[in-house]
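Here is the structure we will look at, set down as structure tokens.
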Amino acid sequence: MLRKLFLIAIVSGINFGAFSFTALAEKKDTWSIIHAGTLLADARNAPTSQQSIVVKNGKIFDIRKGYISPSDVLADVAGGVNITVIDLKDQFVMAGMIDSHTHVTGEREPHSLEVAVTRTSSEYALAGSVYARRILDAGFTTIRNVGGPREAVFALRNSIKKGQILGPRIVAGGLTISPLGGHGDHNGFRPDVFGKPHSGICNGADDCRRAVRNQIKYGADMIKYVATGGVLSKIATGTGQQFTDEEQNAIVQAAHAMGRKVAAHAHGKGGIDAALRAGVDSIEHGSFLDKGSIKLFKKTGAYLVPTLLAGATVVDIATNKPGFFIPEVEAKAKLVGPVMAKALYSAYKAGVKIAFGTDSGVSVHGVNGRELLLMVKAGMSEKDVLISATVNAADLMGLAGTIGTLDAGKAADIIAARGNPLTDIGTLLSPSFVMVGGVTAVE
Ligand SMILES: [Zn+2]
């Protein structure tokens, strides 16, 4: 249709106002060269020194040994281009980090029942644009947003993609798929306040297939569902299995059939195991996993997304800010928070694949890097933590061909630190340079 319109425009000389065919034809390529003192192009390999990353139109054009100059590149391409040289000769350069578990449109607020009935999608989207920038500046060039007000999240994702606002690329889930009264429902309200459940609420296998397809229809890149109760839902229903096995099978099959990966929020062992048996791509939190769960992880190849920062945050709030949580939530926070690091360590030791994720939104946005410290403290090597935050998270999202390592043809999502994160992971808490899709956000 569009093509037809253009043809008509050319033939009949219709004026499209500001749109100009000549402007389009004259659009120049954008080039830059990054001189990297130390380069960790792939976290699975050793770093190399004195490298040049050539960036063209938001993608990595080439990586060359030594510090090359614009004339070295110009010899390969048509002349008349401007090439920016970025000097990171005294820095440690690596692929942008990836947070597999965020809620970018909000942050935890005290007694937030009121927020649920007053805040609009537009407010969520605008707040999300501020939070997204904070996450980007913290060195995270991609996030997977696992559940939230979907209109706001999709709008934010699309605006960033179009280059209207600067932020991390967003892989967006829609509304969380949850049973009625479950962790993803609005609980604690008078029946007439949320009389009609949201489109992610379902009961029974058929209804759950509908809920999944509804999210995909309106723009979800992936599906998140709650296999068990959760810490922050305002209801005393524990952290055990909520959806039946039959419902979980239906959710995973419906999503996979339409090419969407599935993340299951799961704390209790029953729910973790049921989700793994159903074939989910990742377990979020995994607090009470055991040896049997680990066997299932290894059998299915699912990732664990540990979200230690969420555990540490809710324990801190429950201990130091009395009255911030309602009593039901405070009790769950004190029960679940402390076990998450142990769960990660036992899974890691057994060889379960780990993908980095913070649950940012439970913690404030922009301190996502603290998860790196907590993972090292839990017993992971710095190298494996970096793999989890780059290569593994990219694989979990099905984006290994685009992000996670620095290679010719991949996105120019590049960060730098002043220290060496392979020996001091904390240096990544304040990145000295951040580029996303070839656009510099921090320097
Ligand atoms: Zn979450």
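Position one of the sequence shown corresponds to residue 0 (numbering that gives the first Met the number 0), numbered consecutively onward.
Note that the Cβ used here is the ideal one computed from N, Cα and C, for glycine as well.
Since the structure is predicted, the reported quantities are computational estimates derived from the model, not experimental observations.
Inter-residue spacing [alpha-carbon to alpha-carbon] between Gly350 and Pro305: Position 351 of the sequence shown, counted from the start, is the residue given in the question as residue 350. Position 306 of the sequence shown, counted from the start, is the residue given in the question as residue 305. Spanning the two alpha carbons is a distance of roughly 14 Å.
Run through DSSP, which three-state label would Leu155 get? Counting from one through the sequence shown, the residue named residue 155 turns up at place 156. Helix, per DSSP.
Between Val92, Asp71, Tyr302 and Ala45, which lies nearest to Ala411 when the distance is taken from Cα to Cα? Within the sequence shown, residue 411 is the residue found at index 412, counting from 1. Ranking Val92, Asp71, Tyr302 and Ala45 by Cα distance to Ala411 puts Val92 first.
Look at the alpha carbon of Gly437 and the alpha carbon of Phe193, and state the distance between them as a whole number of angstroms. Taking the sequence shown and counting its residues from 1, the one referred to as residue 437 is at position 438. Taking the sequence shown and counting its residues from 1, the one referred to as residue 193 is at position 194. Between Gly437 and Phe193, the C-alpha separation is close to 44 Å.
Does any heavy atom of ligand 1 sit closer than 7 Å to the C-beta of Val103? If you number the sequence shown from 1, residue 103 lands on position 104. No, the beta carbon of Val103 sits no closer than 7 Å to any heavy atom of ligand 1.
Leu112 (DSSP reduced to helix, strand or coil): As a working note, residue 112 is residue 113 in the sequence shown. Here Leu112 sits in helix by DSSP.
Lys64 lies in the beta strand (DSSP E); which residues open and close that run? Here residue 64 refers to the residue found at position 65 of the sequence shown. From DSSP, the beta strand (DSSP E) with Lys64 extends over Lys58 to Lys64.
Within the present structure, is the beta-carbon of Val145 separated from the nearest heavy atom of ligand 1 by less than 7 Å? In the sequence shown, counting from the first residue as 1, residue 145 sits at position 146. For ligand 1, at least one heavy atom lies less than 7 Å from the Cβ of Val145.
From the DSSP output, which residues share a beta bridge with Asn144? In the sequence shown, residue 144 corresponds to position 145, counting from 1. DSSP lists Thr101 and Ala171 as partners of Asn144.
Alpha-carbon spacing of Asp406 relative to Ser99, whole angstroms: What you label residue 406 is simply residue 407 of the sequence shown in a count that begins at 1. What you label residue 99 is simply residue 100 of the sequence shown in a count that begins at 1. Their backbone Cα atoms lie some 21 Å apart in a straight line.
Less than 7 Å separating the Cβ of Asp358 from some heavy atom of ligand 1? Here residue 358 refers to the residue found at position 359 of the sequence shown. In terms of side-chain proximity, the C-beta atom of Asp358 is found nearer than 7 Å to a non-hydrogen atom of ligand 1.
Can you tell me the Cα-Cα spacing of Ala262 and Ile282, whole angstroms? Here residue 262 is taken as the residue at index 263 of the sequence shown, counted from 1. Here residue 282 is taken as the residue at index 283 of the sequence shown, counted from 1. Spanning the two alpha carbons is a distance of roughly 6 Å.
Between Glu150 and ligand 1, is there a pair consisting of the residue's CB and a ligand heavy atom that are separated by less than 7 Å? Walking along the sequence shown from the start, residue 150 turns up at place 151. Checking the Cβ of Glu150 against ligand 1 gives no.
In the DSSP output, which residue or residues are listed as bridge partners for Ser443? Residue 443 is absent from the model: the chain starts at 0 and stops at 442.
Buried or exposed, going by whether 16 or more other CB atoms sit within 10 Å of the CB of Asp315? Along the sequence shown, one-based indexing puts residue 315 at 316. Answer is exposed; the Cβ neighbour count stays below 16.
By alpha-carbon positions, which one of Asp289, Gly258, Ala254 and Asp383 ends up nearest to Ala265? Counting from 1 along the sequence shown, the entry for residue 265 is found at position 266. That would be Asp289, whose Cα lies nearest to the Cα of Ala265.
Limits of the alpha helix (DSSP H) - the one that Ala404 falls within: On the sequence shown, residue 404 is found 405 positions in, with the first residue counted as 1. Residue identity check: residue 404 is Thr in the sequence provided, not Ala. Premise fails: Thr404 is in no alpha helix (DSSP H) and is neither H nor E.
Is any heavy atom in ligand 1 found nearer than 7 Å to the beta carbon of Lys381? Along the sequence shown, one-based indexing puts residue 381 at 382. The sequence given here places Glu at residue 381; Lys does not occur at that position. No, the beta carbon of Glu381 sits no closer than 7 Å to any heavy atom of ligand 1.
Starting from Gly310, trace the alpha helix (DSSP H) both ways and give me its first and last residue. Sequence index remark: in the sequence shown, residue 310 carries index 311 (1-based). Note, Gly310: alpha helix (DSSP H), Leu307 to Asn319.
For Val335 and Asn391, I'd like the C-alpha separation in whole angstroms. As a working note, residue 335 is residue 336 in the sequence shown. As a working note, residue 391 is residue 392 in the sequence shown. Straight-line Cα distance between these residues: approximately 25 Å.
In three-state terms, what does DSSP make of Val54? Translated into the one-based positions of the sequence shown, residue 54 becomes position 55. Looking at Val54 - three-state DSSP - the assignment turns out to be strand.
Among residues of its own chain, excluding the 5 on either side of Ala340, which ones have a beta-carbon nearer than 6 Å to its beta-carbon? In the sequence shown, residue 340 corresponds to position 341, counting from 1. Here the set comprises Leu307 and Ala377.
Cβ of Ala154 within 8 Å of Cβ of Asp220? Working through the sequence shown from its first residue, we reach residue 154 at position 155. Working through the sequence shown from its first residue, we reach residue 220 at position 221. Not closer than 8 Å, so no.
I'd like the list of long-range same chain contacts for Glu442, defined as Cβ closer than 6 Å, with 5 residues on each side in sequence excluded. Here residue 442 refers to the residue found at position 443 of the sequence shown. Excluding residues within five positions, the ones whose Cβ falls inside 6 Å are Phe432.
Are the beta-carbon atoms belonging to Ile176 and Lys216 less than 8 Å from one another? In the sequence shown, counting from the first residue as 1, residue 176 sits at position 177. In the sequence shown, counting from the first residue as 1, residue 216 sits at position 217. Contact: no.
Measuring alpha carbon to alpha carbon, tell me which residue in Asn248, Leu303 and Val84 is nearest Asp205. Position 206 of the sequence shown, counted from the first residue, corresponds to residue 205. Minimum Cα distance to Asp205 is reached at Asn248.
Given Ala317, which residues of its chain have a CB within under 7 Å of its CB, disregarding the five upstream and five downstream residues? Numbered from its first residue, the sequence shown carries residue 317 at position 318. Contacts found: Phe324, Glu329, Ala332 and Lys333.
Given this structure, state the Cα-to-Cα distance separating Leu427 from Asp191, to the nearest angstrom. On the sequence shown, position 428 is the one that residue 427 refers to. On the sequence shown, position 192 is the one that residue 191 refers to. Cα to Cα, Leu427 sits roughly 48 Å from Asp191.
Kindly indicate the opening and closing residues of the beta strand (DSSP E) around Gln90. Taking the sequence shown and counting its residues from 1, one reaches residue 90 at position 91. Looking at the DSSP string, the run of the beta strand (DSSP E) that includes Gln90 is Ile82 to Ala94.
What does a CB cutoff of less than 7 Å around Leu395 pick up in its chain, not counting 5 residues either side in sequence? The count along the sequence shown starts at 1 and reaches residue 395 at position 396. Counting only Cβ-Cβ distances below 7 Å, and skipping sequence neighbours, we find Ser99, Asp280, Ser281, Tyr302 and Ala354.
Give every residue of the same chain whose Cβ lies closer than 6 Å to the Cβ of Met96, excluding the five residues on either side of it in the sequence, and list them in chain order. By 1-based counting over the sequence shown, the position of residue 96 is 97. Taking Met96 as the centre and dropping the five residues before and after it, the same chain places the C-beta of Gly138, Phe139 and Ala388 closer than 6 Å to its C-beta, in chain order.
Which term fits Ile424, buried or exposed, when burial requires 16 or more other beta carbons within 10 angstroms of its beta carbon? Counting from one through the sequence shown, the residue named residue 424 turns up at place 425. Ile424 should be labelled buried.
Let me know the secondary structure DSSP gives Thr227 once reduced to three states. Sequence index remark: in the sequence shown, residue 227 carries index 228 (1-based). Thr227 falls in the strand class under three-state DSSP.
Between Ser429 and Leu372, what straight-line distance do the alpha-carbon atoms span, to the nearest angstrom? Position 430 of the sequence shown, counted from the first residue, corresponds to residue 429. Position 373 of the sequence shown, counted from the first residue, corresponds to residue 372. Near 13 Å, if we compare the C-alpha coordinates of Leu372 and Ser429.
Which residues share a DSSP beta bridge with Val433? Stepping through the sequence shown from its first residue, residue 433 is reached at position 434. The secondary-structure analysis by DSSP pairs Val433 across a beta bridge with Ile414 and Val441.
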